[in-house]
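In this note's numbering, the protein residues as written are 1422 to 1611.
We put the beta carbon where it would ideally sit given N, CA and C, even for glycine.
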Amino acid sequence: MSGDASPITTAPQPTASDAVREMRAAGRAGHAVPADRVNRWATTLMRLFGQQRAVRLEQWGGSFWYQIDEKQWHRALAAREPVRALYTQPLLHEVRRAGEDRDHIWSADRTHCTVCNDPFDWAEPYCNPPKPPVPIALKPQPFNPSWFLPLLDRLERALKRESKRERDEWGFRIAQLRKSIEEHTKEKSH
1422 MSGDASPITT
1432 APQPTASDAV
1442 REMRAAGRAG
1452 HAVPADRVNR
1462 WATTLMRLFG
1472 QQRAVRLEQW
1482 GGSFWYQIDE
1492 KQWHRALAAR
1502 EPVRALYTQP
1512 LLHEVRRAGE
1522 DRDHIWSADR
1532 THCTVCNDPF
1542 DWAEPYCNPP
1552 KPPVPIALKP
1562 QPFNPSWFLP
1572 LLDRLERALK
1582 RESKRERDEW
1592 GFRIAQLRKS
1602 IEEHTKEKSH
C-alpha cells in the first residue's frame, strides 16, 4: 500500500461550556456577533439541553430506585408516584434547589451523587447532604507537671531492685524528667 496514511480525525463535538465561553468572549469584546455564530451557539445548547431523551427512567420502590419503561412511567405519573428521568445533560427547566426536595447531582461516571455521596442505584428520592459535625468546645484542662514528682520518687525506689545498668539508664531519664518539670513550673510561676 502506498499513499498518505494520515489518520481520519473528526472534530470534537461542541460542548455547552465551549458555547458559553465563546459567548462571554464575544460579550467582553463588545462588538456585534454574526448571526451564523449565534445560530451555532443556540444549536449547540438546544442539542445538548432542549431535545434530549431520557437515558433511564426510574420509579421509587420504597427503599431504592428501579428502572422502568415508558409505559410504566406514564402509569406512575398518572398515579402520582415518585419517578425520575435521568439525562446525560441537565435540562433547561431544572433548578437546583437548596432547600428540601433537592435533586441529586450525579458524578460524571454516574456512580454517586457529588453532594450527598449516595450511590446511584440506592439513592434516596431527594438529595440530603450530611450536616457538618458540630464542633465540641474543648476547655483547657488544668495540668501541673509537678503532679508526677511523687510517681517519679516511687519509680526511683522501685529501681533499686534492678541491675546497675538499668538503674543508671532509668535514673538518667528520671533526672531529665525532673529537670523538665522544674523548668516548666518555673516558666509558669514567672
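On a Cα-Cα basis, can you pick out the residue from the options that is closest to residue i?
{"i": "Q1434", "options": "L1573, A1506, R1501, R1461", "result": "R1461"}
{"i": "L1576", "options": "D1490, V1459, D1589", "result": "D1589"}
{"i": "R1458", "options": "D1439, R1474, V1476", "result": "D1439"}
{"i": "V1476", "options": "Q1488, S1484, M1467", "result": "Q1488"}
{"i": "P1551", "options": "R1578, P1561, C1537", "result": "C1537"}
Whole angstroms are fine: how far does the CA of residue j sit from the CA of residue i?
{"i": "K1581", "j": "K1607", "result": "30 Å"}
{"i": "G1448", "j": "R1505", "result": "37 Å"}
{"i": "T1465", "j": "R1445", "result": "15 Å"}
{"i": "I1385", "j": "W1568", "result": "No answer is possible for residue 1385: the residues shown for the chain start at 1422 and end at 1611."}
{"i": "F1593", "j": "H1605", "result": "18 Å"}
{"i": "W1591", "j": "I1602", "result": "16 Å"}
{"i": "Y1508", "j": "R1474", "result": "7 Å"}
{"i": "D1490", "j": "D1539", "result": "24 Å"}
{"i": "A1558", "j": "S1484", "result": "37 Å"}
{"i": "E1587", "j": "L1570", "result": "20 Å"}
Below 8 Å between beta carbons: does that hold for residue i and residue j?
{"i": "D1524", "j": "C1548", "result": "yes"}
{"i": "L1469", "j": "A1437", "result": "yes"}
{"i": "P1546", "j": "W1481", "result": "yes"}
{"i": "L1384", "j": "R1599", "result": "Not covered by the structure: residue 1384. The range shown for the chain is 1422 to 1611."}
{"i": "F1612", "j": "T1535", "result": "Coverage of the chain is limited to positions 1422 through 1611, which leaves residue 1612 absent and any answer about it impossible."}
According to DSSP, what are the bridge partners of residue i?
{"i": "V1459", "result": "In DSSP, V1459 forms no bridge with anything."}
{"i": "V1504", "result": "Q1480"}
{"i": "Y1547", "result": "Paired residues: none, contrary to the question."}
{"i": "P1540", "result": "H1533"}
{"i": "Q1488", "result": "E1479"}
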